[in-house]
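Accompanying notes for the structure given below.
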Amino acid sequence: MRKLACSICGYIYDEAAGDPERGIAPGTLWADVPEGWECPLCGATKSDFQEQSGAPTVVQELSDEHDGEDMRELSFGELSALCSNLAKGCEKQYRNEEADLFNQLAEYYNSRNSLAEEGSLKDLMALIEEDLNSAYPHVNGVAARAADRGALRALVWGEKVTRILNSLLNRYDKQGEALLANTHVYVCEICGFVYIGEEAPEICPVCKVPRKKITEVKRG
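The opening position of the sequence shown corresponds to residue -3 in my numbering, with each subsequent residue numbered one higher.
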């Protein structure tokens, strides 16, 4: 029987074992698992699972060179997010003064931000697909050739978080506000993992920090 791995958190669905706690009896084939079933650890959907084949991973060979032709000026929303992330990084290094300054910049750019200029849900989904299909393979190859273990670890976390965002956006595209009705949204402060459910998981399925680092996000 087959085993399928969650591409986000690594949970293994074993057809022989099933998932009895969620009503999936041992011996249940993957094709017979209901489409509404979700990963017990991170909430990913069936489409986020991949069969384990044992074949070696093929690293895509890409050039490290970048001509800069696709560079553009960041929007106020993007600058706000960038500065907010830099503030988080400073906090982890106990550089409180720098963190305060980056937070001030984040608030300033956010005040200048116009939601009407930020694009649509389809635009965001297309950018995420581009990251998964092109950007991550490229930078993973560059980091692997440089033997940069820190970059590789950050990329593992980043790609997993991007995959869960891709999954959630596809679900939102199909379900709309029903996806968020009568539930809660949580974000890991360390890696950015997003979870929709009644309560946050005990540990982040991506970076393994405890629940206290997973914060509920409320609409303003």
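Think of the CB as a built atom: it goes at the ideal place given N, C-alpha and C, for glycine as much as any other residue. Bear in mind that the values here come from a model prediction, so they are computed numbers and not experimental data.
Next on the checklist: With the cut-off set at 8 angstroms, would you say V205 and C184 are in Cβ contact?
Outcome noted: yes
Checklist entry - Just how far apart, CA to CA, sit H180 and I160? => result If you take the alpha carbons of H180 and I160, they lie about 16 angstroms apart.
Checklist entry - Under the rule that 16 or more other beta-carbon atoms within 10 Å means buried, what is E155, buried or exposed? => result buried
Checklist entry - Per DSSP, D10 is paired with what? => result K(-1)
Next on the checklist: Going by the DSSP bridge assignment, what does E212 pair with across the sheet?
Outcome noted: In the DSSP output, where bridge partners are listed per residue, E212 has Y182.
Checklist entry - Near L25, what residues of its chain come up, given a Cβ to Cβ distance below 6 angstroms and the 5 sequence neighbours on each side ignored? => result E11
Checklist entry - Measuring CA to CA, which of R18, L70, N162 and D144 is closest to L117? => result N162
Checklist entry - Just the Cα atoms here: how many angstroms apart are T158 and P30? => result Taking the straight line from one Cα to the other gives about 24 angstroms.
Checklist entry - Hey, out of N106, E94 and E87, whose CA is closest to L75's CA? => result L75 has its Cα closest to that of N106, out of N106, E94 and E87.
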